[in-house]
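This report refers to the structure that appears directly beneath it.
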Ligand SMILES: [Mg+2]
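In our numbering, the protein residues as written are 165 to 550.
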């Protein structure tokens with residue numbers, strides 16, 4: 165690549181209201197509290213990145229991510245656009261200041277890959293070594309709702325997304341066995357496709373999780389393709405027990421946040437698969453390392469998301485379609501959560517035959533809408549987006 169430097173890095177607070185509240189086992193969300201990064205190179209090329217912090221999942225808050233990125237912006241100005249070197253700088257910054265932000269690193273990482281891709285005229289998946297990106301079906305997620313509301317949402321998804329080849333739905337589980345069983349069976353009756361489940365640590369007792377997963381599997385069978393994080397994140401023994409006894413493959417999510425966590429899960433064979441999120445692991449650079457380790461050990465992968473707009477989801481699409489061993493993606497927040505779209509491109513263009521497919525365009529393949537361009541230029545001073 166040509167010798168290109170980072171001219172500057174701008175960081176914005178990006179709060180976006182959700183269409184409707186979204187509930188999982190431990191929390192209800194009404195807004196995404198994200199951060200936007202705009203990196204400008206010495207050639208005037210812009211790279212975009214997005215942080216989507218969520219303390220229980222990523223370990224950092226929006227405020228912490230913003231503080232980290234403000235310091236990083238000062239350190240990175242003038243540095244060569246070299247992803248590995250940039251990550252070294254960010255690690256040193258964490259050590260020096262004690263400030264840690266996985267999502268801040270992820271946002272800067274995405275902006276770097278975007279800028280490198282635009283500089284070289286190559287899509288990010290191609291930079292990651294995939295000439296032909298693979299197409300992995302995505303789930304569309306349904307939060308915890310009553311049975312009636314859940315079924316109405318399933319019908320709504322089938323109506324709205326049937327023409328895009330919707331094949332998989334993900335159901336959030338509450339940890340209340342009877343309710344979870346009933347919701348899963350009712351949904352399986354009206355939705356003919358595959359289902360994934362996500363308990364978000366809802367089952368404290370591994371035996372109870374095994375019991376309910378067996379009942380679900382007895383009724384629905386192999387259409388239940390995986391269950392994420394049935395047990396508390398710090399209890400790897402419980403995760404191991406459920407993984408061993410569950411007829412549905414168990415994927416670690418909250419237990420598998422960083423590269424270190426994922427390495428431990430792989431070494432201890434604590435689950436059949438792991439859910440890699442760029443926001444948890446600190447960006448594509450670390451995601452590639454984790455995928456290599458998992459592939460070497462025969463551990464399956466899925467790629468998930470937080471409450472991310474089409475910028476961070478585009479980064480995840482490029483990543484997921486370039487690495488090996490991915491059996492499922494859950495990249496749906498840009499399709500489902502927001503009324504506001506901060507980029508010019510329509511996210512639905514990348515939902516093809518049930519899969520998320522990255523654009524064949526340089527970098528991540530997205531550009532900010534004109535009023536966000538003005539924001540990035542400092543012509544607008546807006547912190548809050550509704
Ligand atoms: Mg999950």
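The beta-carbon is built from N, C-alpha and C at its ideal position, and this holds for glycine as well.
Would residue 416 pass as a contact of residue 405 if the rule is Cβ separation under 8 Å? no
Leaving aside the five residues before and after residue 257 along the sequence, list all residues of the same chain whose C-beta is less than 7 Å from its C-beta, in chain order. 235, 236, 239
Got a sec, what are the start and stop residues for the alpha helix (DSSP H) residue 460 sits in? 448 to 461
Helix, strand or coil for residue 193? Go by DSSP, reduced to three states. strand
Figure out for me which residue from 298, 198, 502, 533 has the closest Cα to the Cα of residue 182. 502
Alpha carbon to alpha carbon, how far is residue 439 from residue 329? 23 Å
Within 10 angstroms of its Cβ, does residue 456 collect 16 or more other Cβ (buried), or is it exposed? exposed
Any chance the segment 305 to 321 sits against the segment 340 to 356, with 3 or more Cβ pairs inside 8 Å? yes
One or two residues paired with residue 205 in a DSSP bridge: 170
Quick one, which of 275, 399, 298 has its alpha-carbon nearest residue 201's? 275
Provide the residue(s) that pair with residue 199 in DSSP beta bridges, ordered along the chain. 177, 215
Ordered along the chain, which non-local residues of its own chain (more than five positions away) have a Cβ less than 8 Å from that of residue 309? 187, 317
Expressed to the nearest angstrom, what Euclidean distance is found between the alpha-carbon atoms of residue 362 and residue 528? 28 Å
Residue range of the beta strand (DSSP E) that residue 437 falls in? 437 to 440
Listed in chain order, which residues are found with a beta carbon closer than 5 Å to a heavy atom of ligand 1? 362, 392, 417
To the nearest angstrom, report how far apart residue 411 and residue 378 are at their CA atoms. 6 Å
Do residue 194 and residue 443 come within 8 Å of each other at the CB atom, strictly closer than that value? no
Hey, out of 525, 504, 531, 493, whose CA is closest to residue 333's CA? 493
Within 10 angstroms of the Cβ of residue 197, are there 16 or more other Cβ atoms? Answer buried if so, exposed if not. buried
Just mark residue 166 as buried or exposed, buried being the case when its beta carbon has 16 or more other beta carbons within 10 Å. exposed
Which residue spans inside the segment 458 to 488 form an unbroken alpha helix (DSSP H) run of at least 4? 474 to 486
Considering only DSSP beta bridges, list what residue 527 is partnered with. 287
Is it true that the segment 291 to 301 meets the segment 257 to 266, where meeting means three or more beta-carbon pairs spaced less than 8 Å apart? no
Suppose contacts are defined by Cβ-Cβ distances below 8 Å. Is residue 331 in contact with residue 297 by that definition? no
For residue 309 and chain B, any beta-carbon pair shorter than 8 Å? Within the model displayed, chain B is absent; a lone protein chain is all it includes.
Beta carbon of residue 225 nearer than 8 Å to that of residue 471: no
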